[in-house]
Every structure is written in structure tokens, then in C-alpha cells.
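Worksheet for the structure shown next.
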Amino acid sequence: MELNANAFGRNSRKALLDKTLQEALGRTTGRFQAHRDAAVAAFPEFEATRERASRIKRDVLDHLDTYLARFIAEAEKRGTIVHVARDAAQAREIAARIARDEGVTLAVKSKSMASEEISFNEALQGAGVTVVESDLGEFIIQLAGEAPSHIIAPAVHKTREQISRLFERHLGEPPTDSIPELVGMARKHLRAKFLSAGMGVSGGNFLVADTGSVVLVTNEGNGRMGTVLPRVHLAVVGIEKVIPRMADLPTFLRILPRSASGQAISSYVSIVTGTRRAGDPEGPERMHILLLDCGRSAILEGKYREILKCVRCAACLNACPVYQSVGGHAYGWVYSGPIGAVLTPLLVGLPEAAALPDASTLCGACADVCPVKIPLPDFLLELRSDAREQGLKTPGEIAAMKGYAGVMKRAGLLEAIERIAGVLGQFFTKGKGIGGLPYPFSGWTERRDFPAPAARPFRKQWKIKRGARG
Amino acid sequence: MVNERESLFRRLSAACGGHDGAVAGEPLPGGAPLAPEGDRVALFEKTFTAAGGILLRAPVEKTLSDLGETLRAEGVTALFFPEDDAASREIAEALVPFGPFNLTTAEEVREGSTSVTAGFRTAEAGIAETGTIVETSAGGKTLLPGLLADVHVSIVPVTSVVGRMEEALSILAAGTPRNISFLTGPSKTADIEQTLTVGAHGPKKAIALLLG
Amino acid sequence: MPYNAGMDPKGPIPVSLFFTCLADAFSPGVCNATVEVLERFGATVRVPLSQTCCGQPAFNSGNRKEARAMARKFLLTFPDEGPIVTPSGSCAAMVKHGYPVLFRNEPRMLARARAVGDRIFELSQFLVDVLGVTDPKSDFSGKVTYHDSCHLRRGLGVVSAPRKLLRAVPGVEFVEMEESDRCCGFGGVFSLKNPQISCKMTERKVERILATGASYVTSGDLGCLLNIGGLISRFGYPVKAIHLAEILAGGTGGLSSFAADAASEDARPPGTIRRAGGR
Numbered sequence: 193m194e195l196n197a198n199a200f201g202r203n204s205r206k207a208l209l210d211k212t213l214q215e216a217l218g219r220t221t222g223r224f225q226a227h228r229d230a231a232v233a234a235f236p237e238f239e240a241t242r243e244r245a246s247r248i249k250r251d252v253l254d255h256l257d258t259y260l261a262r263f264i265a266e267a268e269k270r271g272t273i274v275h276v277a278r279d280a281a282q283a284r285e286i287a288a289r290i291a292r293d294e295g296v297t298l299a300v301k302s303k304s305m306a307s308e309e310i311s312f313n314e315a316l317q318g319a320g321v322t323v324v325e326s327d328l329g330e331f332i333i334q335l336a337g338e339a340p341s342h343i344i345a346p347a348v349h350k351t352r353e354q355i356s357r358l359f360e361r362h363l364g365e366p367p368t369d370s371i372p373e374l375v376g377m378a379r380k381h382l383r384a385k386f387l388s389a390g391m392g393v394s395g396g397n398f399l400v401a402d403t404g405s406v407v408l409v410t411n412e413g414n415g416r417m418g419t420v421l422p423r424v425h426l427a428v429v430g431i432e433k434v435i436p437r438m439a440d441l442p443t444f445l446r447i448l449p450r451s452a453s454g455q456a457i458s459s460y461v462s463i464v465t466g467t468r469r470a471g472d473p474e475g476p477e478r479m480h481i482l483l484l485d486c487g488r489s490a491i492l493e494g495k496y497r498e499i500l501k502c503v504r505c506a507a508c509l510n511a512c513p514v515y516q517s518v519g520g521h522a523y524g525w526v527y528s529g530p531i532g533a534v535l536t537p538l539l540v541g542l543p544e545a546a547a548l549p550d551a552s553t554l555c556g557a558c559a560d561v562c563p564v565k566i567p568l569p570d571f572l573l574e575l576r577s578d579a580r581e582q583g584l585k586t587p588g589e590i591a592a593m594k595g596y597a598g599v600m601k602r603a604g605l606l607e608a609i610e611r612i613a614g615v616l617g618q619f620f621t622k623g624k625g626i627g628g629l630p631y632p633f634s635g636w637t638e639r640r641d642f643p644a645p646a647a648r649p650f651r652k653q654w655k656i657k658r659g660a661r662g
Numbered sequence: 265m266v267n268e269r270e271s272l273f274r275r276l277s278a279a280c281g282g283h284d285g286a287v288a289g290e291p292l293p294g295g296a297p298l299a300p301e302g303d304r305v306a307l308f309e310k311t312f313t314a315a316g317g318i319l320l321r322a323p324v325e326k327t328l329s330d331l332g333e334t335l336r337a338e339g340v341t342a343l344f345f346p347e348d349d350a351a352s353r354e355i356a357e358a359l360v361p362f363g364p365f366n367l368t369t370a371e372e373v374r375e376g377s378t379s380v381t382a383g384f385r386t387a388e389a390g391i392a393e394t395g396t397i398v399e400t401s402a403g404g405k406t407l408l409p410g411l412l413a414d415v416h417v418s419i420v421p422v423t424s425v426v427g428r429m430e431e432a433l434s435i436l437a438a439g440t441p442r443n444i445s446f447l448t449g450p451s452k453t454a455d456i457e458q459t460l461t462v463g464a465h466g467p468k469k470a471i472a473l474l475l476g
Numbered sequence: 005m006p007y008n009a010g011m012d013p014k015g016p017i018p019v020s021l022f023f024t025c026l027a028d029a030f031s032p033g034v035c036n037a038t039v040e041v042l043e044r045f046g047a048t049v050r051v052p053l054s055q056t057c058c059g060q061p062a063f064n065s066g067n068r069k070e071a072r073a074m075a076r077k078f079l080l081t082f083p084d085e086g087p088i089v090t091p092s093g094s095c096a097a098m099v100k101h102g103y104p105v106l107f108r109n110e111p112r113m114l115a116r117a118r119a120v121g122d123r124i125f126e127l128s129q130f131l132v133d134v135l136g137v138t139d140p141k142s143d144f145s146g147k148v149t150y151h152d153s154c155h156l157r158r159g160l161g162v163v164s165a166p167r168k169l170l171r172a173v174p175g176v177e178f179v180e181m182e183e184s185d186r187c188c189g190f191g192g193v194f195s196l197k198n199p200q201i202s203c204k205m206t207e208r209k210v211e212r213i214l215a216t217g218a219s220y221v222t223s224g225d226l227g228c229l230l231n232i233g234g235l236i237s238r239f240g241y242p243v244k245a246i247h248l249a250e251i252l253a254g255g256t257g258g259l260s261s262f263a264a265d266a267a268s269e270d271a272r273p274p275g276t277i278r279r280a281g282g283r
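Residue numbers (our numbering), protein chains in the order written: chain G, 193 to 662; chain L, 265 to 476; chain S, 5 to 283.
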């Protein structure tokens with residue numbers, strides 16, 4: 193999808209002023225987090241399971257070549273056709289070719305963040321294929337012509353009133369403010385698509401190396417429909433999604449739904465392995481897996497390897513007060529919230545997204561909830577440092593930092609400056625908070641007072657009362 | 265294509281730093297935390313219900329009338345079951361007088377039947393840990409009753425209830441059938457204003473009939 | 005993690021005060037209160053006068069060259085044995101967790117950074133975990149709610165110490181706010197780079213504070229308090245931001261930086277510090 197990450201500042205100011213968005217965020221904010229916390233509290237083994245999941249993922253990444261090779265071999269043994277794409281352009285080309293070769297005109301797609309990375313729908317539309325999103329949230333934003341704003345709840349920014357208007361316009365349904373009625377309309381419309389589509393497109397939550405299986409986790413059941421009914425199944429999956437063994441799957445099934453939506457398990461887990469077997473009454477005749485590198489092998493090589501442990505649960509978004517304030521679109525690409533603030537610059541290049549690592553107070557709420565223990569705040573700090581080294585900081589910031597360091601090098605100089613500030617403070621504000629300051633402090637003083645500097649700093653007081661010895 | 269694959273593996277091997285190909289074998293924590301205490305079946309009843317399912321376990325006559333009532337309340341008019349599933353057939357046929365219900369086939373439903381349907385199927389396993397029904401395509405079994413029906417009725421022999429997901433997988437993943445499905449509660453979505461609503465694409469009601 | 009090195013249980017406890025540049029410049033009352041409380045429990049407080057800033061603003065904004073210069077200076081300023089105590093969870097966390105990152109490629113400096121990291125404590129952590137204080141002997145009175153500073157709670161893992169101390173002050177009616185561990189929106193340079201988001205977060209924090217009906221909101225970090233206090237001051241809400249050290253020292257006040265009586269920063273000058281109590 194189109195990249196607009198460096199406009200985070202502008203995007204977020206717009207988001208803060210968008211009344212509908214704020215209302216949608218207000219209706220949902222905190223619910224995810226509360227559900228997640230309750231589910232974790234009800235599962236005493238969560239921490240041990242989390243540690244286990246984290247170590248399994250680390251092991252996978254340290255040996256990704258071995259595990260991925262195993263996965264491909266096992267998948268091919270069971271009739272799956274495996275494709276590999278280095279970048280988005282190549283992935284689009286391969287996807288379009290698959291659709292053409294399979295003679296597909298209608299595809300139903302279940303939710304896949306990886307497919308958003310490569311602008312999958314546009315690629316297929318270019319090959320004359322209609323792609324219908326089947327996840328309810330994705331379906332809604334597809335009708336609206338927008339991009340997802342949340343990993344697991346893509347239409348979290350839409351109110352029921354907006355959705356009803358979309359269904360009226362695009363599906364010819366009567367207006368309603370009943371959510372069950374809206375769900376029923378989508379069900380009816382999409383059921384017909386499932387039954388007539390030639391190809392089901394999915395992502396993959398996990399790739400099981402020892403069996404060559406793709407695992408899909410959904411609540412709606414669309415992943416299940418799309419991998420049972422159409423004659424072709426195409427899974428678009430990042431190479432890092434491998435887990436070693438089928439026996440490891442329960443570990444991840446115990447942490448993913450709890451972290452994502454607070455459920456002990458999602459409604460549907462589909463473990464699909466290869467094509468329909470002789471005697472099977474249904475199932476795809478052809479199965480393709482399109483494995484995406486798209487920057488992942490480069491990440492694997494560097495200091496950010498652990499970001500590839502991510503299972504896309506979105507717990508970090510839900511925990512993040514910045515995300516909760518501005519929603520997902522402000523982040524300007526596929527991934528939002530803390531994971532987006534780290535992953536986007538790594539996938540698209542830091543110069544294209546240097547504003548994102550700054551979009552955090554470093555409060556650490558994300559790391560608290562990450563089910564695979566990704567050190568997100570450490571990575572944010574690391575990226576900010578990379579930005580300096582790559583010359584991406586503004587001259588103003590660097591000058592300010594140099595000035596600050598110059599002052600802080602000498603306590604005497606600091607003391608002198610404090611003295612002047614103190615005098616000015618007393619003169620202009622009589623020691624009250626300061627109501628208006630020039631840039632870069634002007635944003636602060638829009639709705640907050642800035643503290644007045646003390647007339648006599650502590651160091652000075654101490655010297656007077658206790659002597660200069662320290 | 266093969267070249268692209270080789271090139272990917274060259275990049276991966278370089279990134280993984282020339283390890284010996286051996287995979288870490290250190291013991292992991294949290295692997296077997298959930299051996300359910302006490303009665304597996306009692307736990308399954310609890311978790312299945314907690315996941316939003318309706319569990320029936322009673323003398324057969326009472327169960328049939330309860331089930332008939334539940335299906336009528338959902339507006340069900342037609343029942344279908346796999347041709348080769350004797351237990352499902354027996355129960356569906358016995359239910360007809362509690363309706364009125366018609367018997368139909370998966371093919372008819374797939375062709376786009378407008379009736380409100382209940383799909384019957386014998387589960388391969390129940391998982392007590394999560395209240396999950398397991399269905400697979402092993403041996404040419406169909407998945408359509410749990411996929412297309414408005415109400416899914418699972419026949420669960422108590423002997424098929426296992427404690428944890430690992431146990432179900434170690435039994436059912438042998439030979440890796442094309443499809444292994446874990447079904448837990450009804451189909452649901454919270455995509456509109458985070459409001460939980462059932463019946464997104466799959467069954468709006470999940471019913472389990474515990475036998476034995 | 006009890007800290008014992010360099011301490012003779014029978015003699016006075018030598019403590020180095022890291023007063024922080026923020027408190028020095030904006031709220032010297034907090035530094036004075038910290039000294040008062042430490043001395044109350046038998047500490048001999050040494051104040052290295054050449055100290056400035058731990059380097060956190062530079063480190064958190066990715067300007068590691070400048071941060072490293074600050075860190076080197078800090079390590080030179082606090083070279084001795086013995087605990088370093090600071091009224092800031094954030095600055096303590098910087099020294100403890102940030103310095104090892106800054107010196108990860110300099111083994112000798114890394115070892116020194118780790119050693120200093122082991123010696124540094126936030127005030128409430130030091131009082132409760134090291135000195136074993138159960139009664140802070142404060143005459144403060146009022147209804148108080150507590151904001152968990154992110155770096156004190158998540159960086160140092162200090163959750164119960166400040167609460168234990170607050171509950172042990174007879175005159176304090178302690179009330180928990182909702183979402184006490186949710187970030188107040190300060191985030192150092194974040195509040196300058198993304199001021200609107202920062203302020204939105206602060207508004208939510210202040211709503212939660214007001215909902216408790218408390219007269220005071222306290223915390224272990226001055227940054228959070230200046231941020232929260234700044235919004236309170238602008239809108240004139242009936243609650244005062246006050247540092248935990250000030251409550252423990254006793255009396256009633258609140259951050260002087262927003263008060264008309266800021267000139268009375270000498271209200272608690274070092275000379276008046278009570279030499280009360282022991283441990």
C-alpha cells in the first residue's frame with residue numbers, strides 16, 4: 193500500500209481533530225486491553241508459555257534457513273506449489289501469474305497483513321481478477337476504499353452509522369443501526385462469493401516445518417471457507433512465520449488469541465496441508481504458497497532480528513497510549529502502533545519512515561504485553577540512534593543536542609544559565625507556570641503551562657547552606 | 265524461480281551466520297502445563313459452554329426434544345449430515361418429528377439453499393482445555409456441516425474427549441490429513457465497534473451432543 | 005535486591021545524592037525533601053556538586069554521541085563506593101539500563117557503567133528495599149493519589165514501595181486512580197515532537213486523577229509531575245502535583261514551579277532540615 197509514514201505528525205494531528213475517528217476509538221479503546229488482561233489473569237501458565245513461545249521463535253530465526261527448507265520440502269511432498277518472492281514487485285507478478293494460469297476471475301480473500309505489504313489486490317485486479325475481502329472489517333474498508341487501521345480489527349475506526357451507509361450504497365441494503373443486522377447483510381453477500389469464487393486467498397499465522405502445513409486462525413470462519421470451498425488456495429506468507437513442529441502449535445495457539453482478543457482460543461483454527469486427497473469430497477485441487485522475503489532476510493542479518501518473532505496479535509497496539517490516541521492510519525503504512533513504528537522503517541527503509549520511531553513515549557506498555565517478548569522500546573531507541581547516524585535528524589535537533597551537551601558538560605555553566613532563567617522566570621511570571629513559549633516548546637504550552645525555573649536552584653542552595661565541598 | 269529460491273537461501277544462510285545446521289535442543293518451559301485435573305469430560309462441558317456453545321448430555325429422548333426445541337428457536341427447517349456418518353444420520357432422522365424438519369444434503373446447501381439449516385457431524389475429538397471440536401478430512405470425511413450450516417450439531421463420543429491440544433494433534437495429525445479444523449463456539453466477529461456478534465460466516469450456534 | 009556494600013549497619017549510611025537537573029532547575033524543594041528524608045533515616049548525604057544531567061534526553065532522542073559524553077561525566081562524578089539515591093525513577097533507569105547500551109562496545113566503560121547501575125536507587129526503592137523503612141515519619145496530611153511513572157514501574161520494577169510508604173503516613177488518605185500505570189504523555193522529547201498527542205494523553209491522565217477526588221497527585225518522577233501539573237495549572241483544577249519526596253518529608257505544599265509562592269523555594273532550605281529519627 194501507499195507509504196505515508198513520514199507524515200506521522202500531520203496525520204496524527206488530523207486524527208486528533210477527526211471527531212468520528214475519536215468517537216470510534218473512544219468506543220473501543222481499552223476493551224481489547226481489558227479482555228487481554230482478563231484472559232491472561234485466568235491462565236496462570238501464561239508467563240511460562242510466553243517464554244516458551246519466545247524461545248521457539250528465537251530458535252526459528254537463528255536457523256531460519258534450515259526450518260524454511262524443511263517447510264518447503266514437506267509442503268511440496270504433499271502437492272503444494274511453493275513460490276518465493278524477493279520483493280513486492282516480484283510478489284505481485286507471481287500472484288498475477290498464478291491467478292491467470294489457474295483461470296480465476298473471482299477470488300475471496302481472508303485477512304493477510306503480508307498481502308497488504310505487496311498491494312496484492314491491485315496486482316490481481318490488474319490481471320482481471322476481482323478480489324473480495326471476506327473478513328468483515330476488511331470487507332467494510334474495501335467498500336470504503338481505505339486501508340486497515342488495526343491488525344486484527346481493520347475497521348476499528350468506523351462507526352456503525354458509517355458502515356450502514358456503505359452497505360446501503362454498495363450492497364443496496366436498507367439502513368440500520370443494528371450491528372447483528374449489518375453482520376447478517378455481509379454474511380449473505382459474502383456467502384455467495386465463497387460459493388462461486390475460483391480461488392481462496394489467505395495469509396498464514398504459522399507455517400509448520402515438519403508437516404508443510406499452513407495454519408490459519410480466525411473467529412469469523414472466513415479463513416476456513418476460503419480454504420475448503422474454492423478449487424484453488426493461495427496463501428501469501430512471510431518467510432518468518434515458520435514454526436518447527438506441529439507439536440509447537442498449541443504453545444502459539446495459547447498465547448495468540450489471548451493476546452489478540454482475550455479469547456482462550458479463536459473460534460476457528462484451520463491446519464491445511466497440501467491439496468485435496470483422493471476420495472476427499474471437497475477441498476482445493478491446487479494449493480500455492482507465496483513466500484515473501486520483502487526485506488525480511490535483511491532484518492534477520494542485523495540487530496533487529498527479534499522483531500521477526502512477531503505473531504501479529506496487535507496486543508502492542510492495544511496497549512499503546514499513542515496508538516489509542518490517533519488510530520492506525522496515522523502511521524502511514526500496513527503496520528501501526530509500536531510494531532509498526534519498528535517494523536515499517538525496517539521493511540521500507542528508515543529514511544522513508546524516520547518519523548515513526550519518534551511516535552512513542554517509550555512507556556514500555558508494549559513490551560509488557562508482547563507474547564513473544566520483543567524488546568520494542570529498545571528497538572525504538574536503536575532506530576532513533578540509527579536516524580542520527582544516517583543523517584536523518586534535523587539540523588535544529590542536532591544543534592540543540594550539541595548545545596545541551598555543551599552546557600551539561602560544565603556544572604558551572606549550567607548553574608549560570610539556571611541563574612539567568614530563574615531571574616527571567618521571576619521577572620516575567622512571578623514564579624507561576626509559563627503559559628506561552630516559542631517553538632519548539634510552543635506545542636507544549638498550547639494547553640499546558642511550562643514550569644517556571646526556580647529563583648534559586650538546588651545546587652546554589654546547597655552551596656550556601658552546606659558549603660561548596662559537596 | 266529456482267534461482268530466486270537459491271538466492272533467498274543464500275541470503276538466509278548468510279544472515280543466520282553459518283551455524284552448523286543443528287537446531288537448538290534446550291528444554292523449553294511451559295510445554296506441559298495443562299494436564300487438566302479431574303474429569304476431562306466435565307472440563308470439556310465447562311469450556312465448551314464458556315466458549316458460547318450449547319452442550320446437551322442427557323437421556324436420549326430428553327436430549328432430542330431439547331435439541332428440537334433449540335433448532336426450532338433458531339428457525340431451522342432443514343437438517344443435513346454426511347452420507348457416511350451413521351451416528352449423525354440416526355440422530356437427524358430421529359429429530360424430524362420434533363420439527364417439523366426436512367432432511368437435505370450438503371450438496372443442496374452448497375448449491376445455495378435458502379432454508380435455515382442444521383448440519384450434523386460426528387467429531388473426531390473434543391479438547392477439554394479449550395472446549396474445542398476437532399474435525400478433519402482424514403479418510404475422505406466432509407467438513408461442510410460445520411462450515412455451511414446455520415447451526416452446527418457435533419456428536420461427541422465421551423471417549424473422544426482429550427485433555428489438551430497436543431493430545432488431539434498427536435492422534436489426528438498422523439498422516440497429516442489435508443484439513444484439521446479446531447472449532448470452538450459459534451462463528452463470531454467484533455469488527456464493528458468491537459461488539460461481539462455471532463454468525464459472521466459460519467454457524468451462529470454450536471451445539472455438542474455428548475454421547476456415552 | 006538489598007544493597008549492602010560499603011554500609012556499616014551500626015554507623016551512618018553514606019549516600020550520594022543525584023538530585024537530577026530537572027529538580028535542580030525547576031523544583032529544588034524536591035531535592036531538599038529528598039535530603040531531609042534520607043537524613044531522617046540515618047543517611048549521611050553527600051552531594052557531588054559537579055553533577056549535571058544523566059544524558060537521558062540525548063539518549064532517548066537517539067543522539068548517543070551527546071548521551072555518551074553525559075554518561076562519561078556522570079561516571080566520573082559518582083566514582084565512589086556506596087549507594088547513589090535519586091528522586092527520579094526515570095534518571096535511575098537511564099543509568100541502570102541506558103548506560104550499558106551506550107558503552108556496549110567499550111568493555112572497560114561497560115563494567116563501570118554496570119557497577120554504577122548496581123549502586124543507583126530511586127528514593128522510595130532505597131527507603132523500602134534497602135533501609136527497610138516501614139514508617140516514613142511524615143506529618144503530611146491530605147487525600148493522595150499516585151501515578152506510576154513508566155520508567156519507575158517498568159524500568160526499575162518499583163510498584164509497591166511508594167504505595168507502602170504513602171499508606172504508612174497517618175495523615176494520608178491514599179486512593180488509587182484508574183490506569184495509574186498508563187503513561188501521562190510526557191515522554192521527554194516526545195512532548196515537544198508530538199505535543200498534541202502528548203497533551204491528549206495528559207488530559208486522560210488528569211481525568212483519572214480528578215475522578216479520585218484527591219487533593220494531591222504524586223509520583224516518583226518530576227518529569228511526569230511537571231507535565232501533569234502543567235495541565236492542572238492551566239485549567240485551574242482543584243488538585244496539586246507533588247513529588248513523593250515532598251510528601252515523605254512532611255508539611256504540605258506541592259510543586260513550586262506552578263505556584264505563585266515559588267519564590268518561597270526557601271520554605272524548606274537545607275538549613276532547616278530536621279535531623280530526626282534513625283532507622
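For every residue, glycine included, the Cβ atom is placed at its ideal position computed from N, Cα and C.
Answer with yes or no whether the minimum CB distance from residue i to chain S is below 7 Å.
i                 : result
ARG639 of chain G : yes
PHE619 of chain G : no
ARG478 of chain G : no
ALA592 of chain G : no
Is there a C-beta anywhere in chain G that falls below 7 Å from the one on residue i?
i                 : result
ARG321 of chain L : no
ASN8 of chain S   : Annotation note: pLDDT 48 at ASN8 of chain S (below 50); position unreliable, coordinate value reported separately. No, its Cβ sits nowhere closer than 7 Å to a Cβ of chain G.
LEU460 of chain L : no
PRO297 of chain L : Because PRO297 of chain L carries a pLDDT of 49, less than 50, the predicted location of this residue cannot be relied on, and no value is offered for it.
MET98 of chain S  : no
GLY427 of chain L : no
GLY275 of chain S : Caution applies to GLY275 of chain S, whose pLDDT of 35 falls short of 50 and renders its modelled position unreliable; the value that the coordinates give is listed next. Yes, GLY275 of chain S lies at the interface with chain G (some Cβ there is under 7 Å from its Cβ).
ARG275 of chain L : yes
Compare the C-beta of residue i with all C-beta atoms of chain L and state if any pair is closer than 7 Å.
i                 : result
ASN411 of chain G : yes
Residue i and residue j: beta carbons closer than 7 Å?
i                 : j                 : result
ILE456 of chain L : THR400 of chain L : no
GLY33 of chain S  : SER202 of chain S : no
GLY476 of chain L : ARG304 of chain L : no
THR448 of chain L : THR396 of chain L : yes
LEU272 of chain L : VAL276 of chain G : yes
With distance defined between alpha-carbon atoms, name the residue in the options nearest to residue i.
i                 : options                                   : result
SER577 of chain G : G:LEU256, G:ASN411, G:PRO567 and G:PRO549 : G:PRO549
ALA336 of chain L : L:GLY281, L:ALA437, L:SER379 and L:GLU354 : Per the sequence shown, residue 336 of chain L should be read as Arg rather than Ala. That would be L:SER379, whose Cα lies nearest to the Cα of ARG336 of chain L.
PRO361 of chain L : L:ILE391, L:GLU388 and L:LEU328           : L:LEU328
PRO140 of chain S : S:LYS77, S:GLY255 and S:VAL19             : S:GLY255
GLU135 of chain G : G:PRO563, G:PRO476 and G:CYS558           : Nothing about residue 135 of chain G can be reported from this structure: the residues present for chain G run from 193 to 662 only.
ALA345 of chain G : G:PRO236, G:TYR631 and G:SER304           : G:SER304
Quick one: what's residue i bridged to in DSSP?
i                 : result
THR410 of chain G : G:TYR460
SER20 of chain S  : S:ARG50 and S:ILE88
ILE419 of chain L : L:THR386 and L:LEU473
Scan the stretch 193-221 of chain G for residues whose Cβ lies nearer than 7 Å to a Cβ of chain S and list them as they occur along the chain. GLY201, SER204, ARG205 and LEU208
To be precise: take each residue of the stretch 98-128 of chain S, compare its Cβ to all Cβ atoms of chain G, and keep it if any distance is under 7 Å. Which residues remain? none
To be precise: take each residue of the stretch 329-343 of chain G, compare its Cβ to all Cβ atoms of chain L, and keep it if any distance is under 9 Å. Which residues remain? GLY329, GLU330, PHE331 and ILE332
Could you list the residues in the stretch 505-530 of chain G with a C-beta less than 7 Å from some C-beta on chain S, going in chain order? Within the stretch 505-530 of chain G, the residues whose Cβ lies closer than 7 Å to some Cβ of chain S are PRO513, VAL514, SER517 and VAL518, listed in chain order.
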